[in-house]
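Position in the sequence shown (first residue = 1) + 9 = the numbering used here.
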Amino acid sequence: MDHPEPGSISQIVILACSIPVIFASIIVCIPKSGVLSRIGATMALSCLQYSLYTSLLESSLPQAQITGISLFSWGLYANGTEQVLLSRYDADDILTVEERRLGRRLSTVTRLLRAVGMYFSLRRVGLRGEISMKKRVSSNSILFVITKIIECVGCYLILDAILLAPRPEGHLITREKQSLFNLSSLTREDVIFRISSSLGNWVIGYISVRLAHGFVAAVSVLLGLCKPEDWPHLNGPIRSWSTVRTFWGTFWHQLFRKALTGWGDFIPDRVLRLRRGTPLSRYSRLILTFFTSALMHRCLHYFYRLEAGECYEIETFFLLQPVAIMFEDAMQAATVHIPLSSPLRWIVGFIWLCAFFTWVTPTFLYPTMRVPDPGQLLPFSVFGHLIKK
10 MDHPEPGSIS
20 QIVILACSIP
30 VIFASIIVCI
40 PKSGVLSRIG
50 ATMALSCLQY
60 SLYTSLLESS
70 LPQAQITGIS
80 LFSWGLYANG
90 TEQVLLSRYD
100 ADDILTVEER
110 RLGRRLSTVT
120 RLLRAVGMYF
130 SLRRVGLRGE
140 ISMKKRVSSN
150 SILFVITKII
160 ECVGCYLILD
170 AILLAPRPEG
180 HLITREKQSL
190 FNLSSLTRED
200 VIFRISSSLG
210 NWVIGYISVR
220 LAHGFVAAVS
230 VLLGLCKPED
240 WPHLNGPIRS
250 WSTVRTFWGT
260 FWHQLFRKAL
270 TGWGDFIPDR
280 VLRLRRGTPL
290 SRYSRLILTF
300 FTSALMHRCL
310 HYFYRLEAGE
320 CYEIETFFLL
330 QPVAIMFEDA
340 MQAATVHIPL
350 SSPLRWIVGF
360 IWLCAFFTWV
370 TPTFLYPTMR
380 VPDPGQLLPF
390 SVFGHLIKK
């Protein structure tokens, strides 16, 4: 494996550090009424983000690692620009409710540090627009850190074991096998692989996010930057695995929810002025939210250097999600009077959810699996080292 060049790594680190500093300066120095100034500053922020993206693209880091870094950086960028332009946080939002009540004034350094923290506050805990998730009961910081470290070690080892699995045979992941409509040509082996690979993809995604989230939570609490209460539970209950809507809206992590829905709501609410509550407003916001998510994941195409014929596979996957949700809404409206028990409805919904994701996941998964050598997602392999011994 090629070792990353020191120059490219230092450039990536400098850019990654400068972006939240510029964001913090915008929040602290430009009032929410200075729309044009904020737009200009956001353009500068966008140039830095694009420079970070191209630096990652040109670096010799493993593709799997730069994909994870880039996805997270674009998510932070979408979150930050939403805070600056749409939610329009300013210096007043840095203060807590108690500090505003007492009229307390903070030093410039303190305000900038808090604003930097806001760039990473994906679920807006304690801010306007806080994402509603199950709150964490007050707990001892040391116990919280120990629990998170144990969780991280467990996630790392599970992920390490999964990633040691051999690469699939080429005939299982051809372009024809990822088809959404030519399903009659699939053999029994193709169907089994389609189910298992789709399941594996979601398990890897789930564990990867929990690993990264747990690591950042443990470090931030250990350093005294946050309290355990600032880290609500990452995922919703398993009982939400009954529809595509509840899977995305309740179970899956809500880290980028405000960033995505903020941009998804912008055109219907502020440009087209569609009245809230109407089907047109509801579904246009839904479609634009998933489209924004597709744009955020667009970097996968460039990092994995997918073929020209696979340009829009990622957009296809994400835009099929609102289509499925609209189908669910129609079916639920049509079957609302059918006397089915709640457990039976959940079972039917769970089967539908599994079938849908097995159908759509290969559209973006198989092209990435055809990449000859994406490199290691994890920095080192514990089990791989033990096996070599």
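Here a beta-carbon is modelled for each residue, glycine too, at the ideal position from N, C-alpha and C.
My output table needs one value for Gly-112: the three-state DSSP class, helix, strand or coil. coil
According to the Cβ coordinates, are Leu-220 and Cys-161 closer than 8 Å? yes
Following the continuous alpha helix (DSSP H) through Phe-224, name the residue where it begins and the one where it ends. 197-231
Taking 8 Å as the threshold (C-beta atoms), are Leu-94 and Thr-51 in contact? yes
For His-180, verify whether its CB is less than 7 Å away from any heavy atom of the ligand COA. The ligand COA is not among the ligands present in this structure, which contains no ligands whatsoever.
Taking C-alpha atoms, which residue in Pro-237, Ile-18, Phe-32 lies nearest to Asn-149? Pro-237
For Leu-283 versus Ser-290, is the C-beta distance shorter than 8 Å? yes
Starting from Lys-157, follow the alpha helix (DSSP H) in both directions and report where the run begins and ends. 150-172
Please state the DSSP three-state secondary structure of His-346. coil
Roughly how many angstroms lie between the CA atoms of Trp-250 and Thr-270, to the nearest whole one? 21 Å
Nearest by alpha-carbon distance to Ser-217: which of Leu-131, Phe-190, His-262, Gly-179 is it? His-262
Within the continuous alpha helix (DSSP H) that includes Arg-307, where are the two ends? Element bounds for Arg-307: n/a, residue is neither H nor E.
With three or more C-beta pairs closer than 8 Å as the rule, is the stretch 109-124 touching the stretch 83-90? no
Go ahead and pull the three-state DSSP assignment for Asp-278. helix
Going by other Cβ atoms of all chains shown within 10 Å of its Cβ, with 16 needed for buried, is Lys-397 buried or exposed? exposed
Put Phe-236 into one of helix, strand or coil per three-state DSSP. Before going further, note that residue 236 is Lys rather than Phe in the sequence given. Correct three-state label for Lys-236: coil.
How far does the alpha helix (DSSP H) with Trp-83 in it reach, from first residue to last? 72-90
Mind checking Leu-65: buried by the 16 CB within 10 Å criterion, or exposed? buried
Starting from Pro-352, follow the alpha helix (DSSP H) in both directions and report where the run begins and ends. 351-369
With a threshold of 16 other CB atoms inside 10 Å of the CB of Pro-388, please say whether the residue is buried or exposed. exposed
Take Arg-248 and list the residues in its own chain whose beta-carbon comes closer than 6 Å to its own, dropping the five residues that flank it on each side. none
Can you say whether Leu-128 is buried or exposed, counting buried as having 16 or more other CB atoms within 10 angstroms of its CB? As written in the sequence, residue 128 is Tyr, which differs from the Leu given in the question. Tyr-128 is buried by the Cβ-count criterion.
Residue from Met-142, Gly-209, Glu-322, Leu-136 with nearest C-alpha to Ala-170: Gly-209
Using only the alpha-carbon positions, how far apart do Gly-16 and Ser-60 sit? The predicted model places Gly-16 with a pLDDT of 49, which falls under 50 and marks its position as unreliable, so this point remains unresolved.
With H, G and I counted as helix, E and B as strand and the rest as coil, what does DSSP make of Asp-382? coil
How long is the line joining the alpha carbons of His-394 and Val-369, rounded to whole angstroms? 35 Å
Where does Val-253 land, buried or exposed, given buried means 16+ other C-beta within 10 angstroms? buried
Nearest to Asn-299 by CA position, among Gly-286, Pro-288, Leu-281, Arg-266, is which residue? Per the sequence presented here, residue 299 reads as Phe, with Asn not at that position. It is Arg-266.
According to DSSP, is Thr-119 helix, strand or coil? helix
Which residues in the same chain have their Cβ closer than 6 Å to the Cβ of Tyr-98, if we skip the five residues on either side of it in sequence? Ile-36, Gln-92
Between the beta-carbon of Gln-187 and the beta-carbon of Pro-348, is there less than 8 Å? no
N- and C-terminal bounds of the alpha helix (DSSP H) containing Thr-287: Segment: none, Thr-287 is in no alpha helix (DSSP H) and carries neither H nor E.
By the three-class DSSP mapping on this structure, what secondary structure does Val-253 have? helix
Close beta carbons around Ile-276, own chain, < 7 Å, minus the five adjacent residues each side: Leu-297
Helix, strand or coil: which one does DSSP assign to Asp-99? coil
Applying the 10 Å Cβ sphere with the 16-neighbour rule, what's the burial state of Pro-376? buried
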